[in-house]
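Residue numbers (full-length UniProt numbering): 1 to 195. Beta carbons are placed, not taken as given, at the ideal position from N, Cα and C, and that holds for glycine. Since this is a predicted model, take the numbers as computed values, not measurements. Data block below; observations after.
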């Protein structure tokens, strides 16, 4: 069966949040995020998309099942911890669309869906008049004990998409790692491109 890609906004977005929560818990449990998530945490975290003007979920569906998703929203509505480092560097958050998470079940990888996630979010951002886009990727030490042998970071894919690291610009976000009891702040590298 072919995978259907749908742009979800408004009520359709709200209706997909529970499935998105489950996907995030499943996919982000793996390296490099090591996220030990819960549905309660997800409900609180994802509620921001219900309130955000112009938020989007790009959903990948196998039949009626959400097997992958990518989200985005205007940076101006994000937490100060995300906006602050960019404002400090002279960027205008009112012109930047934030490409948040991308999650895809392993069985569906390598079929071009990652490109579709970026294509659809970038087109959505452009249609709203945004001229720039960012996303963040977690930074983990090379010698982290849970780093899998042979792990290949996604940097080449992101570079091919036209994004570049904003050198010296990182943000942080807390979550509980697998095996931990408390949340800790995780540094995240900011990637940027003009649309």
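Is it buried or exposed, residue i, if we count other Cβ atoms within 10 angstroms and call 16 or more buried?
i, result
"residue 184", "exposed"
"residue 16", "buried"
"residue 145", "exposed"
"residue 130", "buried"
"residue 160", "exposed"
"residue 225", "Look at the range of the chain in this structure, 1 to 195, and you will see that residue 225 is not part of it."
"residue 21", "buried"
"residue 168", "exposed"
"residue 174", "exposed"
"residue 186", "buried"
"residue 157", "exposed"
Check for me: the alpha helix (DSSP H) holding residue i runs from which residue to which?
i, result
"residue 46", "39-51"
"residue 20", "10-27"
"residue 159", "155-160"
From this set, the options, which residue's C-alpha is nearest residue i's C-alpha?
i, options, result
"residue 114", "32, 168 and 68", "68"
"residue 188", "120, 83 and 96", "83"
"residue 23", "77, 101, 137 and 169", "101"
"residue 79", "93, 165, 50 and 26", "93"
"residue 194", "178, 177, 176 and 163", "163"
"residue 119", "180, 70 and 50", "70"
Provide the residue span of the beta strand (DSSP E) that contains residue i, from first to last.
i, result
"residue 60", "56-62"
"residue 152", "Neither: residue 152 is in no beta strand (DSSP E) and is coded neither H nor E."
"residue 193", "184-194"
"residue 69", "65-74"
"residue 168", "164-175"
Rounded to whole angstroms, how far is the Cβ of residue i from the Cβ of residue j, which I believe are closer than 8 Å?
i, j, result
"residue 57", "residue 99", "Actually they do not touch by this definition, with Cβ atoms about 12 Å apart."
"residue 74", "residue 171", "Rounded, the Cβ-Cβ distance is 16 Å, inconsistent with contact."
"residue 47", "residue 77", "Residue 47 to residue 77, Cβ: 12 Å. No contact."
Quiz prompt | Any beta strand (DSSP E) of 3 or more consecutive residues that is wholly inside the stretch 76-135 | solution = 96-104
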